[in-house]
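Trainee: Once you've had a glance at the structure underneath, I'll fire off some questions.
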Amino acid sequence: MTKIRRTFLKLFLVVTAMLSLVSISSYARAETTDELNKEAAQVLQTLYRNNPTAESISKKAKAILVFPKIVKAGLVFGGSYGEGVLNEGSKITDYYNSVSASFGWQAGAESYGYVVFLMNNKAVQYLKKSEGWEIGVGPTVVVMDEGIAKNLSSTTLKDDAYAFIFDQQGLMASLSLEGTKITRIKR
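Numbered per mature numbering (1 follows the signal peptide of the UniProt record, and there is no 0), the sequence shown spans residues -30 to -1, 1 to 157.
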């Protein structure tokens, strides 16, 4: 392959990735604040119905960060985007977005939601005061699956935050919150 062809291919992949990120961000963005609030409340209730452990954790949490819909797409370059709400008690106090980018052997698209239960004031303050919380840096986040969730009780809750991923739809090689940045937005 000539050098010009390789350069063109790289440029094509970068442009494709950028266009796909722009298109998924508009799909994952709620039209209005009221819609986002309503979607967040609905998915939280669905999570509680389907996962009693999540509901019991919510009773101990200082705040709950709810992202009802994250859209992820990739073809070599990939990314995800979604918007969510921060609940403190029964009040919505802030709005956030969740963004990630990746590079590697990947192809596909999917959507999912996730909820992060912030268990102590340190985790809540870190989220509020940071210029964007990168999951994997700062407070300890444990991503829950059914096996871990079944063995968790109110006396074993020792980490700063617990995340539940749910409602995966589509085809993508992997799913993780690692490398995700959560940033406050104005709504």
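Cβ atoms here follow ideal geometry from the backbone N, Cα and C, with glycine treated the same way.
(1) Mark Thr(-29) as exposed unless 16 or more other C-beta atoms lie within 10 angstroms of its C-beta, in which case mark it buried.
(2) Kindly give me the distance between the Cβ atoms of Asn21 and Phe134, rounded to whole angstroms, as I take these residues to be in contact under 8 Å.
(3) Can you tell me the Cα-Cα spacing of Gln139 and Ile(-27), whole angstroms?
(4) Would you give the residue range spanned by the beta strand (DSSP E) that Lys42 belongs to?
(5) Per DSSP, which residues does Leu88 bridge with? Please list them.
(6) Distance, Cα to Cα, Ser68 vs Ile152?
(7) DSSP beta-bridge partners for Thr153?
(8) Terminal residues of the continuous alpha helix (DSSP H) containing Thr(-29)?
(9) Given a cut-off of 9 Å, decide if Lys42 and Glu80 are closer than it, judged by their beta-carbon atoms.
(10) So, at 6 Å on beta carbons, what are the nonlocal neighbours of Leu14 in its own chain, with the 5 sequence-adjacent residues on each side left out?
(11) Using the three-state DSSP reduction, which class does Ser81 fall into: helix, strand or coil?
(12) Rounded to whole angstroms, what is the Cα-Cα separation between Gly49 and Ser100?
(13) Sorted by chain position, which residues of the same chain lie with C-beta nearer than 6 Å to Thr3's C-beta, five sequence neighbours on each side aside?
(14) Determine the burial state of Trp103: buried for a count of at least 16 other Cβ atoms within 10 Å of its Cβ, exposed for fewer.
(15) Look at the alpha carbon of Val85 and the alpha carbon of Arg(-25), and state the distance between them as a whole number of angstroms.
(16) Tell me, please, which residues DSSP counts as bridged to Ile62.
(17) Given a cut-off of 9 Å, decide if Tyr66 and Lys39 are closer than it, judged by their beta-carbon atoms.
(18) Restricting to Cα atoms, I'd like to know which of Ile34, Leu56, Ser70 and Ile27 is closest to Gly44.
(19) Pick helix, strand or coil for Ser72, following the three-state DSSP scheme.
Mentor: According to the structure data:
(1) exposed
(2) 7 Å
(3) 38 Å
(4) Ala33 to Glu58
(5) Ala33 and Ala131
(6) 5 Å
(7) Asn67
(8) Premise fails: Thr(-29) is in no alpha helix (DSSP H) and is neither H nor E.
(9) yes
(10) Val36
(11) strand
(12) 22 Å
(13) Arg157
(14) buried
(15) 41 Å
(16) Asn57
(17) no
(18) Ser70
(19) strand
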